[in-house]
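Residue numbers (our numbering): 55 to 305.
See the structure below:
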């Protein structure tokens, strides 16, 4: 098309019966899986730039536990909340008053991350797309993290274990001005890894790295460490055969 027409997702949905091993659409596990699929589809529609995406259905059409058509709803037939409605309300609270800024480059191809900005904070929606996988991501020290239902997650360790089954998480960071003062990277040896830390007001700086043999030493082959612009802490395994160099570059 010379002038492509706008695309609209006018009707789509997920019935919890699809995810019920016993065929019962009221199964808690099936309803939880429905909420994951609904949330991911809405985030994907936003990332695709669709001006409108309409979900089918607000309320379950009936109460037959094994009839798929009866279990597309975000609400049960008696208007009680299903996990999908709780997840959609949390997503709406993330999107309201914020601007979608685009996808963020992540260290693994199975991770997706969307950024939403307001004048007071930035929220990142992050999820694992590979069935059965688990991935540990680094969390900034000044971040608040919730699951897709809005429940706070404990990230005191500075990391969060993501699984495809749990659905997206939301990482909120203050919208503080990014410092332009050259920072110092603190390097700590922890077990078989080294941990790099830098000030929280430098979240957004690009961590760059190069790996060479001891004989080669430092060269110019720097590359951006994917996902490091979201945090002020990064860990890498130690390989005694090579030398690894790091630097931070102003955004």
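Using N, Cα and C, we set each Cβ at its ideal position, and we do this for glycine too.
Which one or two residues does DSSP pair with residue 220 in a beta bridge?
Within the chain shown, residue 220 is the residue found at index 166, counting from 1. Paired residue(s): none; residue 220 is not in a bridge.
Taking the continuous alpha helix (DSSP H) assigned at residue 93, which residues delimit it? For this step, residue 93 is matched to residue 39 along the chain shown. Counting along the chain, the alpha helix (DSSP H) containing residue 93 begins and ends at 82-101.
* To do: Check residue 225 in the structure and name its three-state DSSP category.
  => Start at 1 with the first residue of the chain shown, and residue 225 comes out as number 171. It is a strand residue.
Open item on the list: Please classify residue 215 as buried or exposed, where buried requires at least 16 other C-beta atoms within 10 Å of its C-beta.
Closed with: By 1-based counting over the chain shown, the position of residue 215 is 161. Exposed, since its Cβ has fewer than 16 Cβ neighbours within 10 Å.
| query | Which whole runs of the beta strand (DSSP E) in the segment 122-201 are 3 residues long or more, in chain order? | reply | 153-157, 165-171, 175-182, 188-192, 198-201
For residue 265, the first and last residue of its enclosing beta strand (DSSP E):
For the purposes of this step, residue 265 is identified with residue 211 of the chain shown, where counting begins at 1. Element bounds for residue 265: 260-267.
In this structure, how does DSSP classify residue 63 when only helix, strand and coil are distinguished?
Here residue 63 is taken as the residue at index 9 of the chain shown, counted from 1. The answer is strand: DSSP assigns residue 63 an E or B state.
Which class does residue 104 belong to by DSSP, given the choice of helix, strand or coil? The sequence position of residue 104 within the chain shown is 50, counting from 1. Three-state result, residue 104: coil.
Q. Looking at the structure shown, is residue 69 part of a helix, part of a strand, or coil, going by DSSP?
A. Position 15 of the chain shown, counted from the start, is the residue given in the question as residue 69. DSSP places residue 69 in coil when its eight states are reduced to three.
(Q) For residue 128, tell me which candidate among 148, 242, 111, 228 has the shortest Cα-Cα distance. (A) The residue you call residue 128 lines up with position 74 of the chain shown. Nearest of 148, 242, 111, 228 to residue 128, Cα basis: 111.
Check whether the Cβ atoms of residue 281 and residue 165 lie closer than 9 Å to each other.
Position 227 of the chain shown, counting from 1, holds the residue named residue 281. Position 111 of the chain shown, counting from 1, holds the residue named residue 165. It is a contact, given that the beta carbons lie within the stated cut-off.
Checklist entry - Do residue 145 and residue 104 have their C-beta atoms closer together than 9 Å? => result Residue mapping note: residue 145 aligns to position 91 of the chain shown, counting from 1. Residue mapping note: residue 104 aligns to position 50 of the chain shown, counting from 1. Contact: no.
CB of residue 173 to nearest heavy atom of the ligand GTP: below 8 Å? This structure does not include the ligand GTP; it has no bound ligands of any sort.
- prompt: Which whole-angstrom value describes the C-beta separation of residue 158 and residue 126, a residue pair presumed to lie in contact below a C-beta threshold of 8 Å?
  reply: Numbered from its first residue, the chain shown carries residue 158 at position 104. Numbered from its first residue, the chain shown carries residue 126 at position 72. Actually they are not in contact, since the Cβ atoms of residue 158 and residue 126 sit about 31 Å apart, beyond 8 Å.
Item checked: Residue from 185, 184, 211, 187 whose Cα sits closest to the Cα of residue 197 -> Taking the first residue of the chain shown as position 1, residue 197 is located at position 143. Minimum Cα distance to residue 197 is reached at 211.
Q) Which value, in whole angstroms, describes the spacing of the CA atoms of residue 102 and residue 285? A) Within the chain shown, numbered from 1, the residue matching residue 102 stands at position 48. Within the chain shown, numbered from 1, the residue matching residue 285 stands at position 231. The alpha-carbon atoms of residue 102 and residue 285 are separated by roughly 25 Å.
Could you pull out every residue in the same chain whose Cβ sits closer than 7 Å to the Cβ of residue 182, ignoring the five residues on either side in sequence? Taking the chain shown and counting its residues from 1, the one referred to as residue 182 is at position 128. Cβ within range, chain order: 164, 165, 189, 216, 217, 218.
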